[in-house]
Amino acid sequence: MIRFAWTRFRTQAAVGAGVLAIAAIVLLVTGIQLAHAYDAAAAACKQHGNCAGLFNAFLTQGYFTAGKLLGAAGLAVPGLIGMFWRAPLVARELETGTFRLAWTQGVTRTRWLAAKLAIAGAAAIAAGELFTLMVNWWSSPIHKANAGYTAFTSGSFQSGVAPVGYAAFAFALGVTAGLLIRRTLPAMAVTLAIFTAVIIAFPIWVRPHLIPPVRTTSALSLASVAVTGGTSDGHLILTTNTATVLPGAWVISTQVTTPDGRAASSEPAGPCATSSASAQACNDYIGSLHFQQTVTYQPASRYWAFQWVETAIYLALALILAGLCFLRIRPGRSAEPGIPPPPRHRPGPRARKVPVTSFQPSRTRLAGQARRRPKWLPACRGTWS
Amino acid sequence: MNTVIEASGLGKRYGRRWALAGCTLAVPAGRVTGLVGPNGAGKSTLLQLAAGLLEPDSGGIRVLGEPPARTPAQLGRVGFLAQDAPVYAGLSVAGHLRMGAWLNHGWDTEFAKRRISDLGLNLRQRAGSLSGGQRAQLALTLATAKRPELLLLDEPVASLDPLARREFLRDLMETVAEQQVSVVLSSHLIADIERVCDYLIVLTASRLRLAGETEALLATHHRLSGPRRDPRTLPASWEVIEESHAGKQSTLLVRTSEPVLDPAWTVRPVSLEDLVLAYMSQPGDAARADLAGLEIAS
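Sequence lines, in order, name chains G and A. Position in the first sequence counted from 1, then plus 1163, gives you this note's numbering. Position in the second sequence counted from 1, then plus 1281, gives you this note's numbering.
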């Protein structure tokens, strides 16, 4: 069955491999350019200093946006694979009726599905992981140049093991949608819609609750104050960047307060109000206010814990969906994907009242229940007692 | 008598509509059984239940002594040709034969190859570009080359022109003679059934109406015409299948195992087509009236 599942999957696999190869070539060519540009910036930084400025110039060459887009594509790939590879996997057989051919060969449906899942699942996960690795290699110079970069953010993971979980989930979702909806195109649409919804909703509603975040209150470090200024009515504005004090951490929220608990924005801006004021004067002023900084965050050391927990959750979802598929397809269940014929005939098993005409020999006999079933006529439920 | 299919109280529902209801029957082994009935009578449903593609909503079915499609062994003993002969459009004829060899334990490669070359099919041709007749032949090859004990054919000739239909049936009969299989074949064309079947099952409106050996059925049904009579005066052993009365004349289709001795009746034999049509065209008929009677009684 594995061999046959493979022959059925070959074309899709070839198309997928082709797309992946094209992506690889594009990423390789641009990635080499990108690496050169980074090396040039890094070399200049070694010679002349002003690294921040040089890296900033490097990032604003358009690579930064391209990198973000690619990262998003890395997340979309499992969804697309789920849509183009998995949804048709079963749906097309149900749609074209070939399941009637496949399921009457000398292999049980359970094995048929298992083989399909094994081949296609392995391919989907491998393709998704391969693409993730390529994107990560491509964007590594951007990550190096961007001091504030961390892979540990509020969004879904774009590297590590979690993408394997996403791919497995998308794949199981595609198969399940195909099996339940039985038609290729709607199944593809549903797969993509649900996958997108889950990948967006999970980091918002589920991930913050996986491990309780750490909350620390400490004196505000001036190193973490990125931008200062004043509002029109003279209040202080502080923008903090905690990446410098908590490298690699996922910072959920920061709050700067005065020692007696008021928000920092309620303080007069003082020398920070005008842009002409010297940075030193502004910093001194902020230092004199003795601000407290409360940071809610997940420490960098938890990165892999989150990766594994998230992978496990997605894999569990995938397994549940796959289990549903097996339950659904297993013979002995009444919920089979047989496609009912179009109703042409109305009468059901319930008899309609038959108008009694003058000649109704069988009916008169029946009234007395005396008629016995002739041997040649098989008994039908409710018809003869 | 050995049976290949045993059903008791078998029923299958699509939504609220029963496609097949309360069907109890035993299909004998070693026969070519014809399953006839109008469109939507439940023929496909019965065959798909037997192939294990559908699960019953009531009652049960055993095929070759086992519940259908539970084990590879049982699947290997039953060949199924679905309606419209589905094949993988993108897969070549040779690819289909490979599939058969990989998926079926008892696959007969020699037989399959010989049959395909006898049919003049190109092994490299994609199944999607075959004609309807060739596709049906390919599907029949797949169903027979696994050397089944029971062959279930759902409207195998429906999409074929008369010539192709004749060839297909001849071919089927040769295969049957060669392999000693039991066959259940559905069709709404009685002529096809008459040509190849020696056992007959009639389904109408989701219900089983008649089952029996073709010859025995023909021998026990008679077309009678004679002076008009009150049916209550007819012999109790007669089963009146169809009756029409015009003026003083009555014409009856009767089932009885006893000879008709009353000289008032002119007795003529019935053709299989007449017989089947009589059973099929009984809308407010005996069985239905029985059911109504039962419902009132209970």
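Beta carbons are placed, not taken as given, at the ideal position from N, Cα and C, and that holds for glycine.
* For the alpha helix (DSSP H) that Pro1349 (chain G) lies in, which residues bound it at each end? -> The residue labelled residue 1349 (chain G) in the question sits at position 186 within the first sequence. First-last of the alpha helix (DSSP H) with Pro1349 (chain G): Thr1347 to Ala1364.
* To do: Please report the residue range of the alpha helix (DSSP H) in which Leu1401 (chain G) lies.
  => Position 238 of the first sequence, counted from the first residue, corresponds to residue 1401 (chain G). Not the alpha helix (DSSP H): Leu1401 (chain G) falls in the beta strand (DSSP E), residues Leu1399 to Thr1403.
* At a CB-CB cut-off below 8 Å, which residues of chain G make contact with Asp1383 (chain A)? -> Position 102 of the second sequence, counting from 1, holds the residue named residue 1383 (chain A). Asp is not the amino acid found at residue 1383 (chain A); the sequence shown has Trp there. The contacting residues are Met1164, Arg1166 and Phe1167.
* For Leu1306 (chain A) versus Pro1337 (chain A), is the C-beta spacing smaller than 7 Å? -> The residue labelled residue 1306 (chain A) in the question sits at position 25 within the second sequence. The residue labelled residue 1337 (chain A) in the question sits at position 56 within the second sequence. For Leu1306 (chain A) and Pro1337 (chain A), no; Cβs fall outside 7 Å.
* Quick one: give me the first and last residue of the alpha helix (DSSP H) that Trp1275 (chain G) is part of. => Here residue 1275 (chain G) refers to the residue found at position 112 of the first sequence. Where Trp1275 (chain G) is concerned, the enclosing alpha helix (DSSP H) stretches over Arg1272 to Ala1308.
* **Distance between Ser1467 (chain A) and Ala1366 (chain A) (C-alpha atoms, nearest Å)** => On the second sequence, position 85 is the one that residue 1366 (chain A) refers to. On the second sequence, position 186 is the one that residue 1467 (chain A) refers to. Computed Cα separation, rounded: 13 Å.
* Asked: How many angstroms separate the CA atom of Ile1482 (chain A) from the CA atom of Ala1458 (chain A)?
  -> Taking the second sequence and counting its residues from 1, one reaches residue 1482 (chain A) at position 201. Taking the second sequence and counting its residues from 1, one reaches residue 1458 (chain A) at position 177. Distance between the alpha carbons of Ile1482 (chain A) and Ala1458 (chain A): 21 Å.
* Between the C-alpha atoms of Ile1397 (chain A) and Glu1436 (chain A), what's the straight-line distance to the nearest angstrom? -> By one-based count along the second sequence, residue 1397 (chain A) stands at place 116. By one-based count along the second sequence, residue 1436 (chain A) stands at place 155. Whole-angstrom Cα-Cα distance: 21 Å.
* Straight-line Cα distance separating Ser1538 (chain A) from Lys1293 (chain A) -> On the second sequence, residue 1293 (chain A) is found 12 positions in, with the first residue counted as 1. On the second sequence, residue 1538 (chain A) is found 257 positions in, with the first residue counted as 1. Those two C-alpha atoms are separated by around 34 Å.
* Under a three-way DSSP split, which group does Arg1351 (chain A) fall into? -> The sequence position of residue 1351 (chain A) within the second sequence is 70, counting from 1. Arg1351 (chain A) falls in the coil class under three-state DSSP.
* Asked: Which residues of chain C have a Cβ atom closer than 9 Å to the Cβ of Trp1266 (chain G), listed in chain order?
  -> This model lacks chain C altogether; the protein chains it does include are G and A.
* Find the nearest neighbour of Ser1302 (chain G) within the set G:Ala1481, G:Leu1233, G:Ala1412 and G:Leu1348, judged by alpha-carbon distance. => Here residue 1302 (chain G) is taken as the residue at index 139 of the first sequence, counted from 1. For Ser1302 (chain G), the closest C-alpha among the options G:Ala1481, G:Leu1233, G:Ala1412 and G:Leu1348 is that of G:Leu1233.
* Bridge partner(s) assigned by DSSP for Ile1482 (chain A) -> The residue labelled residue 1482 (chain A) in the question sits at position 201 within the second sequence. Beta-bridge pairing links Ile1482 (chain A) to A:Leu1316 and A:Ala1492.
* Throw me the rounded Cβ distance for the Thr1390 (chain A) and Thr1425 (chain A) pair, which I believe falls under 8 Å. => Your numbering for residue 1390 (chain A) matches position 109 in the second sequence. Your numbering for residue 1425 (chain A) matches position 144 in the second sequence. About 13 Å separates the two Cβ atoms, so there is no contact after all.
* Within 7 Å (strictly less), CB to CB, does Arg1263 (chain G) reach chain A? -> The sequence position of residue 1263 (chain G) within the first sequence is 100, counting from 1. With 7 Å as the cut-off, Arg1263 (chain G) counts as an interface residue toward chain A.
* Chain-ordered neighbours of Gly1179 (chain G) on chain A, where CB pairs are closer than 8 Å -> Within the first sequence, numbered from 1, the residue matching residue 1179 (chain G) stands at position 16. Contacts between Gly1179 (chain G) and chain A, judged by CB atoms closer than 8 Å, are missing: the closest CB pair is about 16 Å apart.
* Asked: Within 7 Å (strictly less), CB to CB, does Thr1271 (chain G) reach chain A?
  -> Numbered from its first residue, the first sequence carries residue 1271 (chain G) at position 108. Yes - at least one Cβ of chain A is within 7 Å of the one on Thr1271 (chain G).
* Asked: Comparing alpha-carbon positions, which option in A:Val1477, A:Gly1357 and A:Tyr1295 lies nearest Arg1447 (chain A)?
  -> Here residue 1447 (chain A) is taken as the residue at index 166 of the second sequence, counted from 1. Comparing Cα positions, the closest option is A:Val1477.
* Asked: In this structure, what does DSSP give as the bridge partners for Arg1378 (chain G)?
  -> For the purposes of this step, residue 1378 (chain G) is taken as the residue at position 215 of the first sequence. Answer by DSSP bridge pairing, in chain order: G:Thr1459.
* In its own chain, which residues sit with a C-beta less than 6 Å from the C-beta of Arg1607 (chain A), not counting the 5 before and 5 after it? -> One cannot answer for residue 1607 (chain A) here, as it falls past the ends of chain A, which runs 1282 to 1579.
* To do: Below 7 Å CB to CB, which residues in the same chain sit around Ala1354 (chain A) once its five sequence neighbours on both sides are set aside?
  => On the second sequence, residue 1354 (chain A) is found 73 positions in, with the first residue counted as 1. In its chain, beyond the 5 residues on either side, no residue has a beta carbon closer than 7 Å to the beta carbon of Ala1354 (chain A).
* Using 10 angstroms around the beta-carbon of Leu1296 (chain G), count the other beta-carbons present and answer buried if the total reaches 16, otherwise exposed. => Reading the first sequence from its first residue, position 133 is the one you call residue 1296 (chain G). Looking at its Cβ environment, which holds fewer than 16 other Cβ atoms inside 10 Å, Leu1296 (chain G) is exposed.
* To do: Could you say which of G:Thr1316, G:Ala1485 and G:Gly1341 lies nearest to Ser1416 (chain G) if we only look at CA atoms?
  => Position 253 of the first sequence holds residue 1416 (chain G). Per the Cα distances, G:Thr1316.
* Check whether the region 1243-1257 of chain G touches the region 1320-1336 of chain G, taking contact to mean three or more Cβ pairs, one atom from each stretch, closer than 8 Å. => yes
* Asked: Are the beta-carbon atoms belonging to Ala1340 (chain G) and Ala1463 (chain G) less than 7 Å from one another?
  -> For this step, residue 1340 (chain G) is matched to residue 177 along the first sequence. For this step, residue 1463 (chain G) is matched to residue 300 along the first sequence. Contact flag unset, no.
* To do: Evaluate contact between the region 1371-1385 of chain G and the region 1444-1461 of chain G, counting only Cβ atoms and requiring at least three cross-stretch pairs below 8 Å.
  => The region 1371-1385 of chain G, when compared against the region 1444-1461 of chain G, does touch it at the 8 Å Cβ threshold.
* Identified DSSP bridge partners for Glu1520 (chain A) -> The sequence position of residue 1520 (chain A) within the second sequence is 239, counting from 1. Looking at the DSSP assignment, Glu1520 (chain A) forms a beta bridge with A:Arg1536.
* Asked: the region 1245-1263 of chain G: which residues have C-beta closer than 7 Å to a C-beta of chain A, in chain order?
  -> Thr1259, Gly1260, Thr1261 and Arg1263
* So is Lys1231 (chain G) buried or exposed if we call it buried at 16+ other beta carbons inside 10 Å? -> Along the first sequence, one-based indexing puts residue 1231 (chain G) at 68. Counting Cβ neighbours within 10 Å, Lys1231 (chain G) comes out exposed, since fewer than 16 surround it.
* Give the residues from the region 1421-1439 of chain A that approach chain G closer than 8 Å (Cβ to any Cβ), ordered along the chain. => Leu1423, Ala1424 and Lys1427
* **Range of the contiguous alpha helix (DSSP H) that encloses Gly1450 (chain G)** => Counting from one through the first sequence, the residue named residue 1450 (chain G) turns up at place 287. Ala1442 to Ser1451 is the extent of the alpha helix (DSSP H) around Gly1450 (chain G).
* To do: Could you pull the start and end residues of the beta strand (DSSP E) that Ala1389 (chain G) belongs to?
  => On the first sequence, residue 1389 (chain G) is found 226 positions in, with the first residue counted as 1. Where Ala1389 (chain G) is concerned, the enclosing beta strand (DSSP E) stretches over Val1388 to Gly1393.
* Host alpha helix (DSSP H) of Gly1341 (chain G) (start-end) -> The count along the first sequence starts at 1 and reaches residue 1341 (chain G) at position 178. Secondary structure note for Gly1341 (chain G): its alpha helix (DSSP H) is the uninterrupted segment Ala1325 to Ile1344.
* To do: Could you tell me which residues DSSP puts in a beta bridge with Gln1418 (chain G)?
  => Taking the first residue of the first sequence as 1, we reach residue 1418 (chain G) at position 255. G:Thr1457, per the DSSP bridge assignment.
* Asked: Can we say the region 1539-1549 of chain A touches the region 1504-1518 of chain A, given the rule of at least three CB pairs closer than 8 Å?
  -> yes
* What's the C-alpha gap between Leu1423 (chain A) and Gly1409 (chain A)? -> Numbered from 1 along the second sequence, position 142 holds the residue referred to as residue 1423 (chain A). Numbered from 1 along the second sequence, position 128 holds the residue referred to as residue 1409 (chain A). Each residue's alpha carbon lies about 16 Å from the other.
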